[in-house]
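To start, the structure itself, in structure tokens.
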Amino acid sequence: MNSQSPRLLIVDDERLQRTLLRGILRQNGYLVLEASSGSEALQILQQDQAVEVILLDILMPGMGGFEVLKHLKADPGSRDIRVIMLSGVSRAEDKVRAFQLGAADYMEKSSKVAEVLARVSTHVELRRANATLQFNNADFKHVLS
Numbered sequence: 004m005n006s007q008s009p010r011l012l013i014v015d016d017e018r019l020q021r022t023l024l025r026g027i028l029r030q031n032g033y034l035v036l037e038a039s040s041g042s043e044a045l046q047i048l049q050q051d052q053a054v055e056v057i058l059l060d061i062l063m064p065g066m067g068g069f070e071v072l073k074h075l076k077a078d079p080g081s082r083d084i085r086v087i088m089l090s091g092v093s094r095a096e097d098k099v100r101a102f103q104l105g106a107a108d109y110m111e112k113s114s115k116v117a118e119v120l121a122r123v124s125t126h127v128e129l130r131r132a133n134a135t136l137q138f139n140n141a142d143f144k145h146v147l148s
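With this note's numbering applied, the sequence shown corresponds to residues 4 to 148, in that order.
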């Protein structure tokens with residue numbers, strides 16, 4: 004990770020799950036925001052454009068994770084945020100749907116700490132590399148015109 008701590012958003016209706024993930028991630032240098040519902044997550048993202056990775060629960064009352072993911076990918080302001088879908092159960096059809104809707108990854112809630120950190124770190128680095136590439140590409144196009 005570079006000197007600026009990555010900003011993450013955990014979206015899960017289960018307080019215990021948010022607390023566990025928040026603890027793991029903060030101990031490893033991440034700035035963590037939390038939302039207990041899909042609608043709350045979308046409100047947070049309207050105000051905070053610096054979120055790099057979202058850990059998003061699939062099953063939540065009201066607006067579920069798949070619906071939130073659709074909103075994220077339809078909005079130019081959030082479309083490039085890396086989304087890791089979280090599930091309490093491993094179902095192939097949920098994984099396929101998550102990837103079809105634009106999720107970057109899928110992880111079971113029972114994942115070990117090392118796996119959580121490896122996946123989050125990977126997606127932060129990919130997000131940052133993509134942002135750098137887009138910036139350099141725009142700068143290159145400007146030089147050519």
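Ideal Cβ placement from N, Cα and C applies to all residues, glycine included.
Residue i versus residue j: straight-line alpha-carbon distance, rounded
i, j, result
"residue 10", "residue 54", "5 Å"
"residue 99", "residue 124", "23 Å"
"residue 137", "residue 116", "32 Å"
"residue 120", "residue 33", "10 Å"
"residue 97", "residue 77", "20 Å"
Minimum C-alpha distance to residue i - residue among the options
i, options, result
"residue 39", "71, 30, 32, 28", "71"
"residue 30", "8, 67, 94, 73", "8"
"residue 92", "106, 85, 110", "110"
"residue 73", "135, 34, 121, 101", "101"
"residue 19", "136, 135, 113", "113"
"residue 66", "96, 122, 45", "45"
Contacting residues, own chain, Cβ-Cβ under 7 Å from residue i (five flanking each side not counted)
i, result
"residue 81", "48, 75"
"residue 37", "13, 21, 25"
"residue 122", "87, 108, 110"
"residue 35", "11, 13, 25, 28, 29"
Contact check, residue i vs residue j, beta carbons under 8 Å
i, j, result
"residue 42", "residue 61", "no"
"residue 24", "residue 69", "no"
"residue 58", "residue 87", "yes"
"residue 64", "residue 16", "yes"
"residue 139", "residue 83", "no"
Beta-carbon proximity list for residue i, same chain, < 6 Å, skipping 5 on both sides
i, result
"residue 126", "56, 85, 107"
"residue 4", "For residue 4, the pLDDT reaches just 45, beneath the cut-off of 50, and the residue's location in the model is therefore unreliable, leaving the point undetermined."
Same chain, Cβ closer than 8 Å to residue i, five either side skipped, listed in chain order
i, result
"residue 118", "110"
"residue 129", "85, 107"
Contained alpha helix (DSSP H) runs [length at least 4] in the stretch 82-143, N- to C-terminal order: Those alpha helix (DSSP H) runs which fall completely within the stretch 82-143 and span 4+ residues are 95-103.
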